[in-house]
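Enquirer:
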Amino acid sequence: YSEGAKVFDEKFDPVFDDAFKKVLEMHRTIYKDGLIPPDVFTQLGESVPNFATGQHTYMIVHEYDQKVFNTPATSQIAGAAKNFIMPGKTRSTFVWTAVYQMGAKPVDEARVWNLMQFFGGKAKDGQYHVAKRWALEFGLGTPYKEVIESPEVQKSFGAWKDMKIATQQLETATTRDVAKTMWFPEWDWYMMGEAQDYIRGQGSTDELVDKLQKKAAEVKQLYPE
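Counting along the sequence shown from 1, when you hit position 179 you're at 285 in this note's numbering, and nothing is skipped either side.
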C-alpha cells in the first residue's frame, strides 16, 4: 500500500498494476543484492530477536514488536529503536486486527458469547480486562478508545514508541477488506509461496502476476459470495 497499489478493488477483483509490480521487483532486488538475510523465508520467528541484537538497520514489523526492541530485558538496542512513517509514494501501510470467532453450533451459545465478550470486548463489570492486559504486557493495539486513551496505556506505549508518529501512521493506514471473503485465505497462502519463489529468482514478474490472477479467479469460483 505504501506505493499506491490497491491489490484488490472494491469488488475484490485483482488490481495487479505497475505499482503492485514495483513492490514485487523491489523485494526481489533487495534479496538478490544481499540487503536482507538469505534465511528470511524460513526463520520468521527469529527475525524480531535478531533485529534486537543491533545487527540490522531497518525492519518492517508489527507495531507491538517495537516493545521488544525497546525493552532492556529482551533487546540489546533498548531505547534506540525508532518508529517512523512508512516510506513510499503514499506513505500508507497495512492495518489489521485479529478476531475471536464463535462456531456456528456451540454447546452453550450464551456461555460462549459471554466468553467472547470477555476476551474481545467489555466484560460484565464494564472493564476491558483482556484488551488492556494485552496492551500493557505485549503492546497490542485495540479499537477501544477507552483502553488506548487510558493514562496507564498511554504511559506504557509512550515508553517504547513515538506516539505522535504512530497516530500519524494510523491516519494514513489502509485496511485489507478483501480478507473478509471466504476465498482470500486460500489465495493468500498460495501467493506467499509463489512470491517467495519469485523473490528467489524463479520466473518473471509477469509470470507471477499471471499465476496470482488465475488463482484468484479459481478460488473465487470455489467460494461464491
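In this text, a Cβ means the ideal position worked out from N, Cα and C, and glycines have one as well.
This one's a predicted model, so the numbers in the text were calculated from it and none came from an experiment.
Give a yes or no on whether the C-beta atoms belonging to THR180 and ALA158 are separated by under 8 Å.
Expert: What you label residue 180 is simply residue 74 of the sequence shown in a count that begins at 1. What you label residue 158 is simply residue 52 of the sequence shown in a count that begins at 1. A contact, by the Cβ cut-off of 8 Å.
Enquirer: Going residue by residue through the stretch 161–198, where are the continuous beta strand (DSSP E) segments of at least 3 residues, counting only ones entirely within it?
Expert: If we require 3 residues or more, the stretch 161–198 turns out to have no beta strand (DSSP E) run fully inside it.
Enquirer: By a C-beta neighbour count over all protein chains shown, 10 Å radius and 16 as the cutoff for buried, is SER310 buried or exposed?
Expert: Walking along the sequence shown from the start, residue 310 turns up at place 204. SER310 should be labelled exposed.
Enquirer: Classify TYR234 as buried or exposed, calling it buried when 16 or more other Cβ atoms lie within 10 Å of its own Cβ.
Expert: What you label residue 234 is simply residue 128 of the sequence shown in a count that begins at 1. Counting Cβ neighbours within 10 Å, TYR234 comes out buried, since at least 16 surround it.
Enquirer: Just how far apart, CA to CA, sit GLN172 and GLN275?
Expert: Taking the first residue of the sequence shown as 1, we reach residue 172 at position 66. Taking the first residue of the sequence shown as 1, we reach residue 275 at position 169. Cα-Cα distance, rounded: 15 Å.
Enquirer: Taking TRP293 as the reference, give the member of ASP119, GLU109 and LYS261 with the closest Cα.
Expert: Here residue 293 refers to the residue found at position 187 of the sequence shown. Considering only alpha carbons, the answer is ASP119.
Enquirer: Going by DSSP in three states, VAL201 sits in which element: helix, strand or coil?
Expert: The residue you call residue 201 lines up with position 95 of the sequence shown. Reduced to three states, the DSSP call for VAL201 is strand.
Enquirer: Along the chain, where does the alpha helix (DSSP H) containing VAL288 start, and where does it finish?
Expert: The count along the sequence shown starts at 1 and reaches residue 288 at position 182. This sequence places Met at residue 288; Val is not what is there. It is not in any alpha helix (DSSP H) - MET288 carries neither H nor E in the DSSP assignment.
Enquirer: Bridge partners for PHE114 per DSSP, in chain order?
Expert: The residue labelled residue 114 in the question sits at position 8 within the sequence shown. PHE114 pairs with PRO120.
Enquirer: Per the contact definition of three or more C-beta pairs closer than 8 Å, is the stretch 308–327 in contact with the stretch 126–136?
Expert: Touching, yes.
Enquirer: On a Cα-Cα basis, can you pick out the residue from GLY151, ILE191, PRO257 and PRO143 that is closest to GLN161?
Expert: Start at 1 with the first residue of the sequence shown, and residue 161 comes out as number 55. Of the listed residues, the one whose Cα sits closest to GLN161 is PRO143.
Enquirer: Quick check on ALA285: buried or exposed, where buried means 16 or more other Cβ atoms within 10 Å of its Cβ?
Expert: For the purposes of this step, residue 285 is taken as residue 179 along the sequence shown, with counting starting at 1. Looking at its Cβ environment, which holds fewer than 16 other Cβ atoms inside 10 Å, ALA285 is exposed.
Enquirer: Can you list, in chain order, the residues of its chain whose CB lies under 7 Å from that of GLN322, leaving out five sequence neighbours each side?
Expert: One-based indexing of the sequence shown puts residue 322 at position 216. Note that residue 322 is Ala in the sequence shown, not Gln. Excluding positions up to five away in sequence, the list reads PRO120 and TRP293.
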